[in-house]
Amino acid sequence: MYLRQSKQKRADGREITYLQLAENVWDASKGRSQARIVFNCGRADDPEVIERLRRLAKSILRRCSPETIVADDPGWQLVCAWPYGDVHALEAVWRRLGIDAIVRAQAEGRRFGFELERALFALVANRACAPGSKLYCHEQ
Numbered sequence: 652m653y654l655r656q657s658k659q660k661r662a663d664g665r666e667i668t669y670l671q672l673a674e675n676v677w678d679a680s681k682g683r684s685q686a687r688i689v690f691n692c693g694r695a696d697d698p699e700v701i702e703r704l705r706r707l708a709k710s711i712l713r714r715c716s717p718e719t720i721v722a723d724d725p726g727w728q729l730v731c732a733w734p735y736g737d738v739h740a741l742e743a744v745w746r747r748l749g750i751d752a753i754v755r756a757q758a759e760g761r762r763f764g765f766e767l768e769r770a771l772f773a774l775v776a777n778r779a780c781a782p783g784s785k786l787y788c789h790e791q
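Quick note: the sequence shown uses the working numbering, first residue 652, plus one each step.
Encoded structure:
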């Protein structure tokens, strides 16, 4: 099951998005999977719909935590994306200033056995975002 967005164009040109709880079921006559709508939640811009979905998500997470979902398949990894925003911004500045190209040009023809530019960026990002020692950065 998944949350699906359905968009409709109105006569006045506006586009309205609806949220639906759906699942894929196999249609043997057509020989392919088809989405089946289990529940129409309502308009995506309706605060009541969003609140109902939050309550649904809370009740689902009471039954099984994200950690147990991830533990079922060793290929999954639970990652919090929030802390990586500053690294993303720093990488954009790094590239805009051309530091990556300069380091790659200086390292060209030398055999370090690793990506020197990526290692230097990791050290700079470590100092800028979560100051720690070089050893700690290497261990992370």
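C-beta atoms are modelled at their ideal positions from N, C-alpha and C, and glycine is treated no differently. In this text, all values refer to a predicted model and were calculated from it rather than measured experimentally.
Item, Value
"Restricting to Cα atoms, I'd like to know which of 703, 679, 770 and 668 is closest to residue 696.", "668"
"Is there contact between the segment 739 to 754 and the segment 766 to 774, where contact requires at least three CB pairs shorter than 8 Å?", "yes"
"Please state whether DSSP places residue 657 in a helix, a strand or coil.", "strand"
"Once you ignore the five residues that flank residue 694 on each side, which residues in its own chain have a CB closer than 8 Å to its CB?", "667, 668, 669, 670 and 700"
"Near residue 768, which residues of its chain fall below 6 Å by C-beta distance, leaving aside the five closest residues on each side in sequence?", "751, 754 and 755"
"Taking a contact to mean a Cβ-Cβ separation below 9 Å, would you say residue 689 touches residue 673 in this structure?", "yes"
"How many whole angstroms separate the CB atoms of residue 705 and residue 692, which I take to be in contact at a CB cut-off of 8 Å?", "Not confirmed; about 12 Å, so no contact."
"Tell me which residue opens and which closes the beta strand (DSSP E) that residue 679 is part of.", "Per DSSP, residue 679 belongs to no beta strand (DSSP E) and is neither H nor E."
"Straight-line CA distance for residue 675 to residue 721?", "22 Å"
"So, residue 686 versus residue 655, is the Cβ gap smaller than 9 Å?", "yes"
"From this set, 736, 747, 776 and 711, which residue's C-alpha is nearest residue 652's C-alpha?", "711"
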